[in-house]
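Here's the structure, in C-alpha coordinates; my notes come after.
Numbering (our numbering), first residue to last: 332 to 534.
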(Lines of atoms letter the chains of each structure in order from A; the text may use other names.)
(Lines give C-alpha, C1' and ligand atoms only; values in the text may rest on other atoms or scores of the structure.)
Protein backbone atom coordinates (compact mmCIF):
# COMPACT_ATOMS: atom_id res chain seq x y z
CA UNK A 332 0.00 0.00 0.00
CA UNK A 333 2.75 2.40 0.95
CA UNK A 334 4.51 1.60 -2.28
CA UNK A 335 1.33 2.29 -4.29
CA UNK A 336 0.81 5.64 -2.50
CA UNK A 337 4.47 6.48 -3.04
CA UNK A 338 4.19 5.80 -6.76
CA UNK A 339 0.81 7.49 -7.33
CA UNK A 340 -0.08 10.04 -4.65
CA UNK A 341 3.38 11.25 -3.62
CA UNK A 342 4.36 12.75 -7.01
CA UNK A 343 0.97 14.41 -7.34
CA UNK A 344 1.11 15.77 -3.79
CA UNK A 345 4.62 17.15 -4.26
CA UNK A 346 3.59 18.89 -7.44
CA UNK A 347 0.47 20.32 -5.71
CA UNK A 348 2.52 21.70 -2.83
CA UNK A 349 4.85 23.34 -5.32
CA UNK A 350 1.89 24.91 -7.12
CA UNK A 351 0.46 26.10 -3.80
CA UNK A 352 3.75 27.72 -2.77
CA UNK A 353 3.94 29.45 -6.13
CA UNK A 354 0.33 30.67 -6.04
CA UNK A 355 0.32 31.60 -2.31
CA UNK A 356 -3.48 31.33 -1.84
CA UNK A 357 -5.32 32.53 1.25
CA UNK A 358 -6.35 28.95 2.06
CA UNK A 359 -3.53 26.69 0.95
CA UNK A 360 -5.27 23.49 2.08
CA UNK A 361 -8.41 24.25 0.04
CA UNK A 362 -6.31 25.26 -2.93
CA UNK A 363 -4.29 22.09 -2.66
CA UNK A 364 -7.43 19.99 -2.43
CA UNK A 365 -9.04 21.68 -5.45
CA UNK A 366 -5.85 21.38 -7.42
CA UNK A 367 -5.53 17.69 -6.66
CA UNK A 368 -9.22 17.19 -7.55
CA UNK A 369 -8.64 18.99 -10.83
CA UNK A 370 -5.61 16.85 -11.56
CA UNK A 371 -7.59 13.74 -10.71
CA UNK A 372 -10.33 14.77 -13.14
CA UNK A 373 -7.74 15.48 -15.79
CA UNK A 374 -6.20 12.06 -15.20
CA UNK A 375 -9.61 10.41 -15.41
CA UNK A 376 -10.31 12.28 -18.63
CA UNK A 377 -6.97 11.20 -20.05
CA UNK A 378 -7.69 7.62 -19.02
CA UNK A 379 -11.14 7.78 -20.54
CA UNK A 380 -9.69 9.27 -23.71
CA UNK A 381 -7.01 6.60 -23.80
CA UNK A 382 -9.60 3.87 -23.40
CA UNK A 383 -11.74 5.50 -26.08
CA UNK A 384 -8.76 5.65 -28.39
CA UNK A 385 -7.99 2.01 -27.69
CA UNK A 386 -11.61 1.14 -28.38
CA UNK A 387 -11.54 3.18 -31.56
CA UNK A 388 -8.36 1.46 -32.62
CA UNK A 389 -9.92 -1.91 -31.87
CA UNK A 390 -13.05 -1.03 -33.84
CA UNK A 391 -10.96 0.34 -36.69
CA UNK A 392 -8.82 -2.77 -36.69
CA UNK A 393 -11.88 -5.01 -36.75
CA UNK A 394 -13.42 -2.88 -39.50
CA UNK A 395 -10.21 -3.00 -41.50
CA UNK A 396 -10.02 -6.74 -41.04
CA UNK A 397 -13.65 -7.11 -42.09
CA UNK A 398 -13.19 -4.71 -44.97
CA UNK A 399 -10.00 -6.47 -45.91
CA UNK A 400 -11.82 -9.77 -46.02
CA UNK A 401 -14.60 -8.21 -48.07
CA UNK A 402 -12.07 -6.63 -50.40
CA UNK A 403 -10.25 -9.92 -50.67
CA UNK A 404 -13.49 -11.69 -51.53
CA UNK A 405 -14.38 -8.94 -54.01
CA UNK A 406 -10.95 -9.17 -55.63
CA UNK A 407 -11.22 -12.94 -55.78
CA UNK A 408 -14.68 -12.65 -57.33
CA UNK A 409 -13.42 -10.13 -59.89
CA UNK A 410 -10.48 -12.39 -60.69
CA UNK A 411 -12.84 -15.33 -61.18
CA UNK A 412 -15.07 -13.25 -63.46
CA UNK A 413 -12.07 -12.08 -65.49
CA UNK A 414 -10.71 -15.61 -65.63
CA UNK A 415 -14.05 -16.99 -66.80
CA UNK A 416 -14.35 -14.21 -69.37
CA UNK A 417 -10.88 -14.93 -70.75
CA UNK A 418 -11.66 -18.65 -70.81
CA UNK A 419 -14.91 -18.03 -72.70
CA UNK A 420 -13.12 -15.71 -75.11
CA UNK A 421 -10.51 -18.35 -75.81
CA UNK A 422 -13.16 -21.01 -76.30
CA UNK A 423 -15.15 -18.72 -78.61
CA UNK A 424 -11.97 -17.89 -80.52
CA UNK A 425 -11.09 -21.56 -80.88
CA UNK A 426 -14.65 -22.30 -81.97
CA UNK A 427 -14.52 -19.48 -84.53
CA UNK A 428 -11.17 -20.75 -85.80
CA UNK A 429 -12.59 -24.25 -86.16
CA UNK A 430 -15.59 -22.82 -88.04
CA UNK A 431 -13.28 -20.85 -90.33
CA UNK A 432 -11.16 -23.95 -91.02
CA UNK A 433 -14.31 -25.99 -91.72
CA UNK A 434 -15.68 -23.31 -94.06
CA UNK A 435 -12.35 -23.10 -95.87
CA UNK A 436 -12.35 -26.88 -96.31
CA UNK A 437 -15.94 -26.81 -97.59
CA UNK A 438 -14.99 -24.02 -100.01
CA UNK A 439 -11.98 -26.02 -101.24
CA UNK A 440 -14.15 -29.10 -101.71
CA UNK A 441 -16.75 -27.08 -103.62
CA UNK A 442 -14.09 -25.50 -105.83
CA UNK A 443 -12.52 -28.91 -106.50
CA UNK A 444 -15.91 -30.40 -107.36
CA UNK A 445 -16.70 -27.40 -109.57
CA UNK A 446 -13.36 -27.80 -111.35
CA UNK A 447 -14.01 -31.53 -111.88
CA UNK A 448 -17.55 -30.84 -113.14
CA UNK A 449 -16.25 -28.13 -115.46
CA UNK A 450 -13.60 -30.52 -116.79
CA UNK A 451 -16.24 -33.19 -117.36
CA UNK A 452 -18.50 -30.69 -119.13
CA UNK A 453 -15.60 -29.50 -121.27
CA UNK A 454 -14.75 -33.10 -122.20
CA UNK A 455 -18.40 -33.86 -122.95
CA UNK A 456 -18.68 -30.69 -125.03
CA UNK A 457 -15.46 -31.59 -126.84
CA UNK A 458 -16.68 -35.13 -127.48
CA UNK A 459 -20.05 -33.79 -128.62
CA UNK A 460 -18.35 -31.28 -130.90
CA UNK A 461 -16.09 -33.98 -132.32
CA UNK A 462 -19.11 -36.25 -132.81
CA UNK A 463 -20.99 -33.46 -134.61
CA UNK A 464 -17.95 -32.74 -136.75
CA UNK A 465 -17.61 -36.43 -137.59
CA UNK A 466 -21.32 -36.64 -138.37
CA UNK A 467 -21.11 -33.58 -140.62
CA UNK A 468 -18.05 -35.06 -142.32
CA UNK A 469 -19.86 -38.34 -142.97
CA UNK A 470 -22.91 -36.47 -144.29
CA UNK A 471 -20.71 -34.36 -146.57
CA UNK A 472 -18.92 -37.45 -147.80
CA UNK A 473 -22.22 -39.18 -148.52
CA UNK A 474 -23.53 -36.07 -150.29
CA UNK A 475 -20.29 -35.83 -152.20
CA UNK A 476 -20.43 -39.49 -153.25
CA UNK A 477 -24.10 -39.14 -154.22
CA UNK A 478 -23.28 -36.01 -156.22
CA UNK A 479 -20.40 -37.75 -157.95
CA UNK A 480 -22.59 -40.72 -158.76
CA UNK A 481 -25.34 -38.41 -160.02
CA UNK A 482 -22.90 -36.37 -162.10
CA UNK A 483 -21.31 -39.53 -163.51
CA UNK A 484 -24.71 -40.85 -164.47
CA UNK A 485 -25.63 -37.47 -165.92
CA UNK A 486 -22.41 -37.37 -167.93
CA UNK A 487 -23.21 -40.79 -169.31
CA UNK A 488 -26.73 -39.68 -170.18
CA UNK A 489 -25.36 -36.52 -171.81
CA UNK A 490 -22.91 -38.52 -173.90
CA UNK A 491 -25.71 -40.86 -174.91
CA UNK A 492 -27.87 -37.88 -175.87
CA UNK A 493 -25.04 -36.35 -177.89
CA UNK A 494 -24.47 -39.63 -179.69
CA UNK A 495 -28.14 -39.88 -180.42
CA UNK A 496 -28.19 -36.28 -181.62
CA UNK A 497 -25.47 -36.88 -184.16
CA UNK A 498 -26.79 -40.27 -185.22
CA UNK A 499 -28.72 -40.21 -188.46
CA UNK A 500 -32.39 -40.08 -187.64
CA UNK A 501 -34.39 -43.15 -188.45
CA UNK A 502 -37.69 -41.82 -187.21
CA UNK A 503 -39.69 -38.79 -188.09
CA UNK A 504 -38.47 -35.22 -187.78
CA UNK A 505 -40.47 -34.78 -184.58
CA UNK A 506 -38.47 -37.48 -182.73
CA UNK A 507 -35.23 -35.95 -183.93
CA UNK A 508 -36.21 -32.55 -182.67
CA UNK A 509 -37.14 -34.00 -179.25
CA UNK A 510 -33.76 -35.71 -178.98
CA UNK A 511 -31.86 -32.52 -179.88
CA UNK A 512 -33.91 -30.45 -177.43
CA UNK A 513 -33.21 -32.95 -174.63
CA UNK A 514 -29.52 -32.81 -175.39
CA UNK A 515 -29.53 -29.01 -175.34
CA UNK A 516 -31.25 -29.01 -171.91
CA UNK A 517 -28.97 -31.67 -170.49
CA UNK A 518 -25.73 -29.84 -171.33
CA UNK A 519 -26.32 -26.75 -169.08
CA UNK A 520 -27.63 -28.93 -166.25
CA UNK A 521 -24.53 -31.07 -166.42
CA UNK A 522 -22.39 -27.94 -166.27
CA UNK A 523 -24.14 -26.80 -163.10
CA UNK A 524 -23.69 -30.19 -161.47
CA UNK A 525 -20.01 -30.12 -162.45
CA UNK A 526 -19.74 -26.78 -160.65
CA UNK A 527 -21.38 -28.32 -157.56
CA UNK A 528 -18.90 -31.20 -157.70
CA UNK A 529 -15.94 -28.77 -157.82
CA UNK A 530 -17.32 -27.00 -154.72
CA UNK A 531 -17.45 -30.30 -152.86
CA UNK A 532 -13.92 -31.09 -154.01
CA UNK A 533 -12.58 -27.81 -152.65
CA UNK A 534 -14.43 -28.28 -149.33
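A virtual CB, placed ideally from N, CA and C, is assigned to each residue, including glycine.
Since the structure is predicted, the reported quantities are computational estimates derived from the model, not experimental observations.
Apart from sequence neighbours up to five positions away, no residue of its chain approaches residue 401 with a beta-carbon distance below 7 Å. By the beta-carbon neighbour count (other beta carbons within 10 angstroms, threshold 16), residue 347 is buried.
In the three-state scheme derived from DSSP, where H, G and I count as helix and E and B as strand, residue 440 is classed as helix. At the C-beta level, residue 343 and residue 372 stay beyond 8 Å of one another. Between residue 349 and residue 362 a beta carbon distance of about 12 Å is seen, past the 8 Å cut, so the two are scored as non-contacting. Residue state for residue 356 is assigned as coil, using DSSP reduced to three classes.
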